Amino acid sequence: MAGSVGIDVGGTYTDLYFSGDDGRVERVVKVPSTPQDPSIGLINALRAAEIRQDDLDQILHGTTIATNAVIERRGARCALITTRGFRDVLELGRRDRPHMYGLTGIQRPLIPRDRRWEVDERMDYQGNVLVPLKPQQVRELAAVLKGEKLDAIVVSLLHSYANPAHEETIRDILLEIEPAWEVVISSGVIREYYEFERTSTAVVQGYLQPLVSRYAKSLLDKLKNWGFDRQTLIMQSNGGVVPVKELGSRAAFIVRSGPAAGVTAAAELAAEAGFSRIITGDMGGTSFDVAVVIDGKPAIAENTLLDFRVPLRLPMIDVHTIGAGGGSIAHLDRAGILQVGPESAGAYPGPICWGRGGTEPTVTDANVVLGRIDPANPIGIDRDRLDIDAARAAIGKLGEKLGLGVEQTAEAILAVVNQRMAGRIRLLSIERGHDPRDFALVAFGGAGPVHGAALMQEVGIGAMLVPPFPGVLCAMGCAAANVRYDFSRTIERVIGDIEPKALRAIMAEQRAEGEAQIRQNEAVGGGVRVSHAIDMAYLGQIHSMRVPVEADWSREQMADAFQKVYRAEFGNVLAGIPVIVTNVRTTVEGMRPRMRRKENGAASAAAPRPQRRRDVYFGGRHDTPVYRREELLPGMAFDGPAIIEQSDTTTVVEPRMKVRVDRFHNLIVEAA
Amino acid sequence: MTDPVTLAVVRGALEQIADEMDLHLIHAAISPIISETNDCAHGIFHPTSGETIAQGRYGLPVFLANMQFTVTNLIEIVRKEGGFKPGDLWIVNDPYISGTHLQDIVLIAPYFANGELFALLASTGHWMDIGGGVPGGWAPKAQEIHQEGLIIPPMKLYDGGKLNEPLVRMFTSNVRLPDQIAGDLSAMCNVFNVGRRGLDTLVARYGSGKLKDCIREMMDRSESQMRSHIAEIPDGTYHFEDFFDNDGIVDEPVKIALTIRKAGADLDFDFTGTDKVTRGPINLALTTTLSSCYVAIKHIFPEVPVNGGAFRPMKFNVPDGSLLAARYPTPVGGYLEVVGRVLDVVFGALAQAIPQRTPAASFGTTGVTTVGGRHPLTGRYYVAVFPYPGGYGAYQGGDGLVHGVTPQSMANFMSIEMSEHRYPLRFHSFALRENSGGAGKFRGGCGTSFSFEPWADCVVSALGDRVDHRPFGIAGGKPAAPNEIKLRLGNEEVVPPLRSKYEKQTVRAGDIVFAASPGGGGFGDPLERPLEAVEQDLNLGYISRETAERDYGVVIAEAKPVGEHMRYRLDAAASQTKRDNTRNAKAAARPTLRAQGVRS
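If you read the sequences in order, they're chains A and B.
Each number in our numbering corresponds to the 1-based position in the first sequence with 208 added.
Each number in our numbering corresponds to the 1-based position in the second sequence with 27 added.
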């Protein structure tokens, strides 16, 4: 085969990773994003990478357009149709507030109350019709809606997951009256109970669908003009890709596709390098994203909050974010204690040393002052040199208030921001019931490898993997992903009361639907992987646990599997309490040909030669070797302290650590 | 002075230990009330003063300072019994010592560094049952604490590392969910290992002497941070009174009075004038009264760190014998209602001083509706609990939220679809309650209304308030709509005799239970609300046409139906004239009011 390209369009940069000629050629590029039309930046990246159209089989692409459209409320003008008595479910949510302390806050429902309508109809929880739908009433409502200048209509009725008939009838009537409307029914997006979460998910889909469809069309047109008309795939938040022509109908599935791609790539690289339990740490300009991966499988979140009272109930890679990045601002709080972030200088003006008008000292400024980042080789900004004097002056001023010198203050800034990130890593692993010391850290993002070694020490992690192109790992992840569809269906019954054939029938139906979608997809060459799981709980419990099952298992086998998972998690089982099945789930993956990374012969046991040396501050000045990443070959090893520079990031190795280069060109950093 | 880097790092590390204790219990607890609604709290405390060194950020607000006062009370008791020894773990749930209610079990253990008592670690967790007259321990008609459950006086659960097993058997024999309770108890005991490990690491890294210096400095700095906020409150005396409709037994209003005196950087809370203990469960233990004041302050100044230093600038006077200093054998099962009202009076008093930072009253009633019975399809006994959602008060700069959780909690409302799976109930509606937010320049958030019909006979109870005494507005804002509860029993519509409190009402298949929660109070003069905002409120159905015309002083130019909705257009010029006239009329009326001695 020829080549694939992964492109991750972020808020600030558009990153590209190209792998061609059976993995023998790799290329990375970072260009500024073009928020007014992100597809322009994408084409710019392809041009900058000097890729020939003929060399490409596939373009794989991650994008933030969906997330941004929700956060900035730039989505479609939608109406919502609900069961009589329940049009406010979308606005009410489930009784909460934005923060534990403070009773203020703003809520902006994606569909305001004057565009939410009710119809007479009602299903019970088993899907039996209690109040029949009146088609004439729907027609009259459709006539009213025609005057409302709508782009999309979302239909979400109570218990539609149990019986979607009424939702489907309403959809058909609406489309008959106005074929131009995009109509989304909640049971078509997710077949699960919890009316608020399902309605919100359907509304997010409706809100994004027109915009994302337009984007897909414009992207395909631009690629065609550029001379490419083969396969284009888009990264989803579940870590799998879908063909771009399905993009509109999958709009809600692609929010946060970039971070998901990063975790997917990290999982792949770490598994290849022999690490089964990893924590990924992606540190960029404004935020630090953490995720847990066990046995190559990233942890999945069922519910993700996009904004206050805007939950999305779709399986998404569970990425936790805190406001800690290179641009995070250092300041003193009212008690005179040093704090770093969550406020960030962002891309504009950015850190002081960027010389774009930033005035408050940031984490990047501290790294420059301490010699960890080379002022002569700025990454990602259009300047020849970083302004180290301005950074020193501002940090010195902050230090005066603390009674500290410039370097001590800069170290203090790093100590505080590293502690915050380390704390998040610890809490996330504990929330999942793990000991973080059993994990390896995969550090990426522009700032991840700068801080990874310090995080290892702070958390007590034994090893860190720095991938070959940590600054564009999300783009690489797009190139590595499989095609993936997730299905779910709520049952909510005691397992003993369910007809055994019923569960099997649902799994078979989900499998058939996934396989049909995959068959239409030319990107799949490596076969189909199907996995089933059942969410189970003890009767009365609110939260269920996901249990992997086989389709041909008996009910007893399934219940036993649940007891095992429960005991592993909580150390006991609740004997005598019946087990209920809440949801049946199937994941169908179309395996793409595995991306072969170069494992070329050029290995070396020789000690690498530093390109130069410079003073770097690690609790005092150390004369530190600086290596070029391209010159480090598999088999090489050296001790910290060390700095490794490459076009997309800098890796800092602290004293008392050692580094080796594995056969996949990853840096493996370990405590000496 | 301790060096600033160490100070920042040690503070972060101590908070991290408390957070990890929270998360360990939330992860390991069996009862959903801990694992789902975080009904727990953990902290590290000073070994002699009991002051909070750090408290976890995942536990519920209601435990905020309650933990510190509990530890302080226990230190005194343990001193008399020979002091803390290695391997000891103390247990208590006596509300007159440890606050809140009997369901909240507190465990306290000493932490020794190099043989010296360095700190106390504490864990609070809510047990699903504690015996007593009603499952779950919630007895709206209780007239003494013994009807509410089992009292555990302070005693050693572990003595020198040895578990007092007979004591555990005594608990498990007296509660309705023995396996669950035993599981939760052992999960709570395990949390102390997490705390000890964390402190061991810190002691090894910094030494106990340096850590102590850091802790002292941290508290002093938090105190000065708190004082810097207090200093911004104008000096003065601020008095506020509010009422419960009744105590659940006697149909008479019950008063809470608060005078806040602010001088320099001190803040005094004086509850003189508050009514005596009530016969019903509307009472509060002293530690929780004090804690509630801190919760209110933390809602106003969320950035203040949680440690004993931040609590120092506040002093209290809570009269003996008042319902806010409950003594044995007063029942305290309605404590959440009382906590809510204490928060309200703190907001009401401070609104006079710092209206720019204080929200108007929120809906102000936990109003739990409990439905119980046998499910006709499974034959199993079920208990469904629906806590009240409601509107939040408006504040300078924004309207109140709809469908908020009570300020002392974070627990969610159940999913309707899930409820219908589990209980023989059918909901008719679950809706924003129109026209229920207090009018104001910034409008109070609307309350919520819901109604359901059981399809099998059941028994329903509720403990609410705020029917006769509505959530107040501030700075000229109007009060919110009152709480409303109605039952349709057969062909009859019934309002319970105590309006929002009723116990074990039989509700038959086909009857209907209807509840409508209050909104939040308004902020500022409604005549100052921008016309576009009033027009939008009308179109969204947040306010009625009558309210728009009467309270907001607008003139409607056009009202046309669009399907089932109404679309309004205001007449801007006529509205302006009408508002001017109303203001002039008010100004003209004011001297008369003053002459009559009424404060406006």
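Where a beta carbon is used, it is the ideal one built from N, C-alpha and C, also for glycine.
Note that this is a predicted model, so its numbers are computed, not measured.
Consult DSSP for residue i and reduce its assignment to one of helix, strand or coil.
i	result
R535/B	coil
G263/B	strand
G225/B	helix
V345/B	coil
Q627/A	helix
V339/A	strand
M682/B	Residue numbering for chain B in the displayed model covers 28 to 627; residue 682/B lies beyond these limits and cannot be assessed.
G624/B	The predicted model places G624/B with a pLDDT of 36, which falls under 50 and marks its position as unreliable, so this point remains unresolved.
V571/A	helix
Q563/B	helix
T316/B	helix
K189/B	strand
T574/B	helix
Distance, Cα to Cα, residue i vs residue j?
i	j	result
A277/A	G466/A	15 Å
Q417/A	T272/A	14 Å
P675/A	G492/A	15 Å
M865/A	E878/A	6 Å
G554/A	T494/A	6 Å
A769/A	I508/A	20 Å
A532/A	R535/B	57 Å
I2/B	A146/B	Examination of residue 2/B is not possible in this model, given that chain B is present from 28 through 627 alone.
D245/A	L318/A	23 Å
E356/A	W389/A	12 Å
G211/A	D262/A	9 Å
L797/A	P451/A	Per the sequence shown, the amino acid found at residue 797/A is Glu instead of Leu. Straight-line Cα distance between these residues: approximately 13 Å.
A661/A	A648/A	11 Å
T790/A	R754/A	10 Å
R640/A	L516/B	48 Å
V577/A	T858/A	15 Å
M766/A	S445/A	28 Å
I714/A	P506/A	26 Å
A880/A	R868/A	11 Å
D265/A	P557/A	39 Å
L382/A	A350/A	6 Å
L351/B	A586/B	51 Å
E405/A	L520/A	7 Å
Tell me whether residue i is buried or exposed, calling it buried when 16 or more other Cβ atoms sit within 10 Å of its Cβ.
i	result
M197/B	exposed
A689/A	buried
M215/B	buried
K189/B	exposed
M437/B	buried
L300/A	buried
L338/A	exposed
I259/A	buried
A622/B	Its pLDDT being 40, under 50, A622/B is placed unreliably in this model, and the value from its coordinates should be taken loosely. Classification of A622/B: exposed, given that the 10 Å Cβ count is below 16.
Which parts of the segment 68–143 of chain B are runs of the beta strand (DSSP E), unbroken and 3 residues or longer, counting only runs that do not cross its ends? Whole beta strand (DSSP E) segments, 3+ residues: 79–82, 116–119 and 131–140.
Any contact of the segment 856–876 of chain A with the segment 665–679 of chain A, i.e. 3+ C-beta pairs under 8 Å? yes
Examine the Cβ distances between the segment 480–491 of chain B and the segment 395–414 of chain B and report whether three or more of them are shorter than 8 Å. yes
Within the segment 761–814 of chain A, note down every full alpha helix (DSSP H) run reaching 4 residues or more, in order along the chain. 763–778
Decide yes or no for the touch test of the segment 331–339 of chain B against the segment 238–250 of chain B: beta carbon pairs closer than 8 Å, at least 3 of them. Between the segment 331–339 of chain B and the segment 238–250 of chain B there are three or more C-beta pairs closer than 8 Å, enough to call the two in contact.
With a threshold of 8 Å, are at least 3 pairs of Cβ atoms found where one atom belongs to the segment 504–524 of chain A and the other to the segment 303–322 of chain A? yes
Decide if the segment 296–312 of chain B is in contact with the segment 382–399 of chain B; the criterion is three or more beta carbon pairs, one per stretch, under 8 Å apart. Remark: fewer than three beta-carbon pairs, one from each stretch, lie closer than 8 Å, so the segment 296–312 of chain B and the segment 382–399 of chain B are not flagged as touching.
Minimum length 4: unbroken alpha helix (DSSP H) runs contained in the segment 638–697 of chain A: Listed in chain order, the alpha helix (DSSP H) runs fully inside the segment 638–697 of chain A are 656–667 and 681–688, counting runs of at least 4 residues.
Runs of beta strand (DSSP E) lying entirely within the segment 251–339 of chain A, each at least 3 residues, in chain order: 264–271, 286–291, 324–327 and 337–339
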